[in-house]
Amino acid sequence: MITNDFIILASQGIHARPATTLIRLVKNFKSAVSLKRGDKTVRLNSMLNILSLTIKGGETVTVLVEGEDEIEAAQAIGLFFTEQLKDL
Amino acid sequence: MKGIGVSPGIAIGRAFVIKKAEAIVSGILLTGEDDVSRETARFDQAVNKAVDEIETIKLNTRLSLKEDDLAILDTQIELLTDPQLKDDVIEKIASERKNPKDALIEVIESFVQLFEGMDDEYMRARAADIKDIGDRILKHLGSAGNSSTQNFGPDTIIIAQDISPSETITMDISHVIGFATQAGSKTSHTAIIAKAKGIPAVVGCGGELSIIENNDLIILNGLSGSVYINPEPNIIADYTRKRDAHQQLKERLKALKDQPAITTDGKKVTLSANIAGADDMADVFEFGGEGVGLFRTELLFMNRDSFPTEGEQFEFYKSVVLRSKGNPVIVRTIDIGGDKHLPYFNLPAELNPFLGYRAIRICLDRKELFITQLKAILRASVFGDLKIMFPMISNAQEIRSAKQVLAEARAELVNEGIAFNADVKVGIMIEIPSAAITADILAKEVDFFSIGTNDLCQYTLAVDRMNEKVSHLYDPFNPGVLRLISNVIEQGHKHGIHVGMCGEMASDQLATLLLLGMGLDDFSMSVAAIPAIKNIIINNSITKAKEIYKKVMQMDNSEEIVAYLQEFIS
Numbered sequence: 049m050i051t052n053d054f055i056i057l058a059s060q061g062i063h064a065r066p067a068t069t070l071i072r073l074v075k076n077f078k079s080a081v082s083l084k085r086g087d088k089t090v091r092l093n094s095m096l097n098i099l100s101l102t103i104k105g106g107e108t109v110t111v112l113v114e115g116e117d118e119i120e121a122a123q124a125i126g127l128f129f130t131e132q133l134k135d136l
Numbered sequence: 134m135k136g137i138g139v140s141p142g143i144a145i146g147r148a149f150v151i152k153k154a155e156a157i158v159s160g161i162l163l164t165g166e167d168d169v170s171r172e173t174a175r176f177d178q179a180v181n182k183a184v185d186e187i188e189t190i191k192l193n194t195r196l197s198l199k200e201d202d203l204a205i206l207d208t209q210i211e212l213l214t215d216p217q218l219k220d221d222v223i224e225k226i227a228s229e230r231k232n233p234k235d236a237l238i239e240v241i242e243s244f245v246q247l248f249e250g251m252d253d254e255y256m257r258a259r260a261a262d263i264k265d266i267g268d269r270i271l272k273h274l275g276s277a278g279n280s281s282t283q284n285f286g287p288d289t290i291i292i293a294q295d296i297s298p299s300e301t302i303t304m305d306i307s308h309v310i311g312f313a314t315q316a317g318s319k320t321s322h323t324a325i326i327a328k329a330k331g332i333p334a335v336v337g338c339g340g341e342l343s344i345i346e347n348n349d350l351i352i353l354n355g356l357s358g359s360v361y362i363n364p365e366p367n368i369i370a371d372y373t374r375k376r377d378a379h380q381q382l383k384e385r386l387k388a389l390k391d392q393p394a395i396t397t398d399g400k401k402v403t404l405s406a407n408i409a410g411a412d413d414m415a416d417v418f419e420f421g422g423e424g425v426g427l428f429r430t431e432l433l434f435m436n437r438d439s440f441p442t443e444g445e446q447f448e449f450y451k452s453v454v455l456r457s458k459g460n461p462v463i464v465r466t467i468d469i470g471g472d473k474h475l476p477y478f479n480l481p482a483e484l485n486p487f488l489g490y491r492a493i494r495i496c497l498d499r500k501e502l503f504i505t506q507l508k509a510i511l512r513a514s515v516f517g518d519l520k521i522m523f524p525m526i527s528n529a530q531e532i533r534s535a536k537q538v539l540a541e542a543r544a545e546l547v548n549e550g551i552a553f554n555a556d557v558k559v560g561i562m563i564e565i566p567s568a569a570i571t572a573d574i575l576a577k578e579v580d581f582f583s584i585g586t587n588d589l590c591q592y593t594l595a596v597d598r599m600n601e602k603v604s605h606l607y608d609p610f611n612p613g614v615l616r617l618i619s620n621v622i623e624q625g626h627k628h629g630i631h632v633g634m635c636g637e638m639a640s641d642q643l644a645t646l647l648l649l650g651m652g653l654d655d656f657s658m659s660v661a662a663i664p665a666i667k668n669i670i671i672n673n674s675i676t677k678a679k680e681i682y683k684k685v686m687q688m689d690n691s692e693e694i695v696a697y698l699q700e701f702i703s
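This is the structure we're talking about:
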């Protein structure tokens, strides 16, 4: 399993639009991906669950990736949080 | 009546009331295992049909959807196919023997309540999205909680309980001039769409709105949130005037907002904003600014009893950078002293405060204050394109000393294991004549210059512009001041660095072509001035600006220069 922490670089946090992009990104991989904020963890395939975490700009989240393509998945997700998120 | 004004502008038109029937739970239970599997399949089909429906809307070119609309539709697809939603509904069908409509209504209701109960305004507004997708699936389960889409007459003002995301997209709004809703907030779909389309809107009006009937004459003010129903003629006349004035202004701004500041012969300059805090950021983009050329940090230090901590400063800088959409933000380190005093920082009275203990001089003397600010700025630098600018620099040694403190701030952060952007660009304000004259020397020390014309002018001409006896001598078009500015730009470019201006001259329409001719890269000003300056730049050529510059530099007095420059402004 690969675990990475990310600071949310978008002022609005994870709102509907980045959540959509993120879910679609994760669908490309076989690995199971979860998102953790504070003591709550949700699977990264449900918009309702992601939104219910109310992740705000500047907060830190943890992404957990597990599966046969976890290295590629973690890389792509890392790029999303460090590069793409601030433009969404 | 009053609601929340979410999209500015004044609309005067006829009401069209949208009424929606609420779907109700029937209470009918399923009888056997066969029913369960059949109804589960029927639910899946309804979801698929709902998704197909949205895909069709996406492909419908007649709607000419913008990127934002497409994003809303994509979000709806993700919500429709949400595994959590599906699990919850199927659970209710399978173990509680609920029929799919009832199961769905209950699941949607519980999510709606969950989101409506959140303390985040944006998330509360998402309850409407969830309700919307619920209605969409219900429609395909053969239960209509739907509303009919209509053709609206000219000058229609839509009155509704709330307007769903899909309605805002599929509705033919070509004749709609305003929205007023009972529910909603600043981040509701009605608000977002109305703002994007520039249609005045008032949301959150509450139940009072239900007294409106079709064809009532409605006036709404999308800025103040006022709604008038069948008002008196004098109010109509008053608002008609206001509407026309607002319309004219909007047209002018709108035409220029997204247009880059490029001369007719292709020279691009940057028009950015002078700001004092995060609240100013929305206007920056509204007025067509491309980032922040001067972020004054004094605001945070005023109206309080002690210096803000590193943490407080970090939050303040971060809040601005997070709203900058990746555009550059130049933070000026604190510029106190002179005429700016802090109640908790006792500066002895001086005979010549403008020539005294101020800005970088205080910072280099009271290093602990400076290092706190620099650490806070560095920490905020990971959130966007932050640059640091030192004010009141008079020589190269001061730059080196300031950079030395910056290096210490970095080292402390490294030790503390706190992230920052190691590549943060460093620049100075050119506002002291010695700095302007030695621009060739200073350019080797920094990544950019920004000319502060207010102080540069008063120091160069030895004029206190607050002193009425001499303020008429304060004159940015004095050939001496112009030669200094021209030297700074020329030397900056010779050494390959970017030269901007953040003083009042940058927003002076009389100076625009002259500065353009000198080669100024970045004009930074108060946001409201941006459209007018952009208007000058896009309607002139760099060739013409260079000629103007050449002619002006041959003139020996500012009266002649001003008279000449006036010829180019209509």
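Going line by line, the protein sequences match chains A and B.
Its first residue numbered 49, the first sequence is counted upward by one per residue in this note's numbering.
Its first residue numbered 134, the second sequence is counted upward by one per residue in this note's numbering.
Ideal Cβ placement from N, Cα and C applies to all residues, glycine included.
These numbers come from a predicted model, not from an experiment.
Tell me whether VAL402 (chain B) sits in a helix, a strand or coil according to DSSP, three-state version.
coil
Could you name the residues of chain B that ILE71 (chain A) contacts, counting a contact when the two beta carbons are closer than 7 Å?
GLU211
Hey, is ARG456 (chain B)'s beta-carbon within less than 7 Å of any beta-carbon in chain A?
yes
Across which residues does DSSP place ILE362 (chain B) in a beta bridge pair?
B:ILE351
For ARG65 (chain A), go through chain B and note every residue whose CB falls closer than 9 Å to its CB, in chain order.
ASP201, ALA204, ILE205, ASP207, THR208
Closer than 6 Å by C-beta to MET651 (chain B): which residues in its own chain qualify, once you throw out the five before and the five after it? Chain order, please.
The beta carbon of MET651 (chain B) sits closer than 6 Å to the beta carbons of SER619, ILE622, TYR682 from its chain, once the five residues preceding and following it are set aside; these are given in chain order.
Counting contacts by CB-CB distance shorter than 7 Å, is GLN217 (chain B) in contact with chain A?
Answer yes: the Cβ-Cβ gap between GLN217 (chain B) and chain A drops below 7 Å somewhere.
Hey, would you say LEU539 (chain B) sits closer than 7 Å to LEU507 (chain B), going by beta carbons?
yes
From ASN673 (chain B) to LYS679 (chain B), what distance separates their C-alpha atoms?
11 Å
What does GLY459 (chain B) reach in chain A if we use C-beta pairs closer than 7 Å?
LYS134, ASP135
In the DSSP assignment, what residue or residues form a beta bridge with GLY633 (chain B)?
B:SER583, B:ASP655
Select from B:LEU455, B:ALA144, B:GLY444 the residue whose C-alpha is nearest the C-alpha of ASP413 (chain B).
B:LEU455
If the cut is a Cβ gap below 8 Å, which residues of chain A does LYS153 (chain B) touch?
What LYS153 (chain B) touches in chain A: nothing, since even the nearest Cβ is about 22 Å away.
Enclosing alpha helix (DSSP H) for VAL169 (chain B) [first to last residue]:
166-192
Hey, out of B:ILE521, B:CYS338, B:ILE190, whose CA is closest to SER357 (chain B)'s CA?
B:CYS338
Do LEU73 (chain A) and PHE129 (chain A) count as a contact pair if the criterion is CB distance below 7 Å?
No.
Short CB-CB distance (under 7 Å) between TYR450 (chain B) and chain A
no
Determine the extent of the beta strand (DSSP E) in which ARG92 (chain B) is found, giving its start and end residues.
Because residue 92 (chain B) is not part of the residues shown, which for chain B are 134 to 703, the question remains open.
The stretch 247-267 of chain B: positions lying closer than 9 Å to chain A by Cβ:
Considering only beta carbons, the part of the stretch 247-267 of chain B lying closer than 9 Å to chain A consists of LEU247, PHE248, MET251, ASP252, ASP253, TYR255, MET256, ARG259, ASP262, ILE263, in chain order.
Against chain B, does GLY105 (chain A) count as a neighbour if the rule is that its beta carbon must be under 7 Å from one of theirs?
yes
Contacts of LEU96 (chain A) in chain B (Cβ-Cβ under 8 Å)
LEU212, ASP215, GLN217, LEU218, PHE244, ILE263
Check whether the Cβ of LEU432 (chain B) lies closer than 6 Å to any heavy atom of the ligand SAH, and answer yes or no.
Looking at this structure, you won't find the ligand SAH or any other ligand, since it has none at all.
Candidates A:SER100, A:LEU136, A:GLU107: closest to ASP252 (chain B) by CA position:
Out of A:SER100, A:LEU136, A:GLU107, A:SER100 has the C-alpha closest to the C-alpha of ASP252 (chain B).
In the DSSP assignment, the alpha helix (DSSP H) including ALA334 (chain B) goes from what residue to what residue?
Run containing ALA334 (chain B): none in the alpha helix (DSSP H); it sits in the beta strand (DSSP E), 334-336.
Say whether the stretch 83-96 of chain A touches the stretch 60-71 of chain A, bearing in mind that this needs 3 or more beta-carbon pairs closer than 8 Å, one atom from each stretch.
Under the Cβ criterion (8 Å, minimum of three pairs), the stretch 83-96 of chain A counts as touching the stretch 60-71 of chain A.
Using the C-alpha atoms, what's the distance from PRO486 (chain B) back to GLN591 (chain B)?
13 Å
Check whether PRO664 (chain B) and LEU389 (chain B) have beta carbons under 7 Å apart
yes
Can you name the start and end residues of the beta strand (DSSP E) that SER140 (chain B) belongs to?
Start and end: 137-140.
Kindly list the residues whose CB is nearer than 7 Å to the CB of ARG259 (chain B), restricted to its own chain and excluding five residues on each side of it in sequence; keep chain order.
The beta carbon of ARG259 (chain B) sits closer than 7 Å to those of PHE248, all from its chain and outside the five residues before and after it, given in chain order.
Run through chain B and tell me which residues come within less than 8 Å of LEU112 (chain A), C-beta to C-beta.
By Cβ distance, chain B contributes nothing, its closest Cβ being about 17 Å from LEU112 (chain A), past 8 Å.
Whether VAL245 (chain B) touches VAL222 (chain B) by CB criterion (7 Å):
Cβ distance not < 7 Å, so VAL245 (chain B) and VAL222 (chain B) don't count as in contact.
Just the Cα atoms here: how many angstroms apart are ASP305 (chain B) and ALA261 (chain B)?
20 Å
Amino acids of chain A, ordered along the chain, whose beta-carbon sits closer than 7 Å to that of LEU516 (chain B):
The displayed chain sequence assigns Phe, not Leu, to residue 516 (chain B). LEU57, listed in chain order.
May I ask you to report which of helix, strand or coil DSSP gives LYS704 (chain B)?
Shown here, chain B extends from 134 to 703; a query on residue 704 (chain B) therefore has no answer.
Does the stretch 349-369 of chain B come close enough to the stretch 154-171 of chain B to have 3 or more Cβ pairs within less than 8 Å?
no
Partners in chain B for LEU99 (chain A), counting only beta-carbon separations shorter than 7 Å:
MET256, ARG259, listed in chain order.
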